[in-house]
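The sequence shown maps to residues -34 to -1, 1 to 520 in mature numbering (1 follows the signal peptide of the UniProt record, and there is no 0). Cβ atoms here follow ideal geometry from the backbone N, Cα and C, with glycine treated the same way. Nothing here was measured: the structure is a model prediction, and the numbers come from that model. What follows is a set of notes on a single structure, which appears directly below.
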Amino acid sequence: MKVDLVWRRRGPTQLAVLWAVLAACATTLAVVHAASPLGPSDQPEAYFNGSSYIRLSRPISLKQLVGLSFRTCVGGELFSQRFEGYTLHVTALFEQVVVSWARPSQPHREVGLAKETLDNRWHWVGLRYNSDPPSLLLEVDKDTQIISNVTWNPELLSPGALEAGGAVLLVGNVFSGCILEGPQLEFHAASAQTRNVVFGHCPLTTDECIDRKDVLRIQPKDHCYNEPCMRHGTCISRHDRYECHCTARYTGNNCEVDAGDPCASAPCQHGARCVEEPRGSYSCACAPGYHGALCELEESLDPQCVARPCQHGASCSVPPGADTYVCACPPGYTGRNCETDVDECATTVNPCLNGGRCQDAVNNYTCDCTGTGYSGARCAVNVNECADARVCGHGVCYDTYGGFVCACLPGYQGARCQQPAACASGVPNMVVTGVLAKQVTCVCDVGYYGAAGLAPNCTALEAACEAGVCLNGATCSVSGDRLNCSCAAGYKGAYCEQAAGAGKALSDLKAAEHCAAQPCLHAKSCQDLVSTRKLQCSLVCRRAHDFHDLINTL
């Protein structure tokens, strides 16, 4: 957009106001750019081999949620940012995740959160800024650790040059494993430079943490983790492999071959009826006088079996030379009389994954995945909660394995970005008056002087007098909750800004001066409310032409 500026002679005060407005606009636009989440990319997941990394062009801001998900057996640096001696590193180590940082001429500092993450499972790590009270938290899954507040490591609350435009932001440098993007760490192709990175679904298998020299503690093996039997059979995890016990309809190492209707071969004997079950197995409904899985056994005439001691359809027989009966239990039952249901959930390795709750069934089990963020027979399929556009309210949703995180737009807070953000903590006498254009509007309370918006600076009226609010040699005084200007001879107006008898009022200049000194971000106009000593801001300089008229009236 082309803007024609008409320059005329102006006094020093007018030019100072002009440059203040221009600077406020530049600051506003910079803040808007840094605070706006990019949103998920179309290549969110990647594999890093220890020599890989992604360099992102937009540095992170510690005043916004930043984080990612990772899966590894080895660990390494998850992300880092540096600029001229300022550094920040987040690293996954054995039994802890560490945040470390350094500044020029200051000692290296670090804070860790004890958590085992080198287990080939997906984990979330993030840095979350809270404004009330000001603090920076390290999040690892559902655990948190304060790493900075106003009394402990306060330098992280004012990172300074670390967030400069030329800062180098790397993801996955010296890291082996998989990373899923998150807030401020999105893998958009237009803003990502990559080295040896393979995008796509994580290729790690469940064996990755076994027999690795750089893994200090061996993790339990579960070769059935990825459901290799395709729900067409029962998976058995052995020491060095898995076995698939397929149902009658399926065959193959992974029960991947459909062999057709299992009842087509008439497996049931003695006139029994064959019934196919949902997962491909079958059962035989025996005719009277027969029993067994295939109804192949005729009821024994031995008195011990006539009493039918065997339960749940088990067959009864008296072996030759024996003086007692034996029950041949059907699958899923055990005990002398087949009276005990085998608990398939009572195994060394929980068959349900990702926190799913195992529920026993006859010769089977089911998994209750409620609240896990996963679905499927074994709770192995990640649920994309971000498919529901309402999940994050006034924010951007990032799906994680087993959950999601919300990156809130400016002016909102909370896990789902549904709560208006409070005014900055530590700034006295601020009140929230509403949320406009997705920004919190804060104004000074009665008895204080300053501006509204995202950069509040409320000062006592006495301090405002000392700052020279009254112009042209006027005397400033405070009476109750009012600030008064006693004008020198030849001047008038609330701030003594008008020359007595002059036809043109300078109130527009004064209002602009006040608003420029304490700009409201994302606003279109700034109004000075003299009677209440408040500055009402509603968007100062969004585009160049918004202050074109202001320049020409000075």
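For residue i, three-class secondary structure by DSSP
i, result
"Cys451", "strand"
"Glu61", "coil"
"Gly126", "helix"
"Cys335", "coil"
"Ala214", "coil"
"Glu264", "strand"
"Ser491", "At Ser491 the pLDDT is 37, less than 50, meaning the model places this residue with poor confidence; the figure from the coordinates comes in the next sentence. Note: Ser491 maps to strand in three-state DSSP."
"Cys324", "strand"
"Glu351", "helix"
"Gln30", "coil"
"Ala155", "helix"
"Pro120", "helix"
"Glu310", "coil"
"Gln270", "helix"
"Glu105", "strand"
"Ala430", "helix"
"Asn438", "coil"
"Asp224", "strand"
"Gln385", "strand"
"Pro100", "strand"
"Lys160", "The question names Lys, but residue 160 is Thr in the sequence shown. Strand, per DSSP."
"Arg245", "coil"
"Thr300", "strand"
Beta carbon of residue i nearer than 7 Å to that of residue j
i, j, result
"Pro6", "Leu146", "no"
"Ala12", "Val134", "no"
"Leu59", "Glu152", "no"
"Ala253", "His236", "yes"
"Val308", "Gly298", "yes"
"Cys453", "Cys442", "no"
"Ile112", "Leu123", "no"
"Glu105", "Arg87", "no"
"Cys462", "Cys431", "no"
"Thr217", "Gly246", "no"
"Gly456", "Ala466", "yes"
"Cys261", "Ala294", "no"
"Val349", "Gly339", "yes"
"Asn320", "Gly368", "yes"
"Ala68", "Arg197", "no"
"Asn115", "Ser101", "yes"
Same chain, Cβ closer than 6 Å to residue i, five either side skipped, listed in chain order
i, result
"Cys311", "Cys324, Asp326 and Tyr331"
"Gly148", "Gly33, Leu34 and Tyr364"
"His257", "Leu263 and Ser281"
"Ser66", "His55 and Glu76"
"Thr160", "Ile20"
"Gln72", "none"
"Leu136", "Tyr19, Arg21 and Ser46"
Own chain, CB closer than 8 Å to residue i, minus 5 neighbours either side, in chain order
i, result
"Tyr291", "Ser266, Asp268, Gln270, Cys271, Pro275, Cys276, Cys282, Ser283 and Val284"
"Val241", "Cys229, Tyr248, Ser249, Cys250 and Ala251"
"Val357", "Glu351, Cys363, Phe370, Cys372 and Arg382"
"Arg48", "Leu54, Leu128, Ala133 and Val134"
"Arg207", "His189"
Per DSSP, cross-strand counterpart(s) of residue i
i, result
"Trp90", "Ser35"
"Arg239", "Ala251"
"Ala68", "Thr53"
"Ser445", "Arg448"
"residue 566", "Residue 566 lies beyond the residue range present for the chain, which begins at -34 and ends at 520; the question has no answer from this structure."
"Leu135", "Leu22 and Gln47"
"Ser7", "Answer is none; Ser7 lacks a bridge partner."
Cut-off 7 Å between Cβ atoms - residues of its own chain near residue i, not counting five sequence neighbours on either side
i, result
"Ser142", "Phe14, Asn15, Gly16, Thr38, Val40 and Gly42"
"Gln62", "Gly78, Leu79, Ala80 and Lys81"
"Gly166", "Glu11"
"Cys168", "Glu11, Tyr13, Arg37 and Cys144"
"Cys210", "Pro194, Cys195, Gly199, Cys201, Asn219, Asn220 and Cys221"
"Ser23", "Ser157"
"Asp109", "Leu79 and Lys81"
"Thr117", "none"
Within the chosen definition, does the stretch 21 to 37 reach the stretch 365 to 376 through at least 3 CB pairs nearer than 8 Å?
-> yes
Contact between the stretch 333 to 346 and the stretch 213 to 233 (3+ Cβ pairs under 8 Å) = no
Inspect the CB distances between the stretch 123 to 137 and the stretch 45 to 53 and report whether three or more fall short of 8 Å.
-> yes
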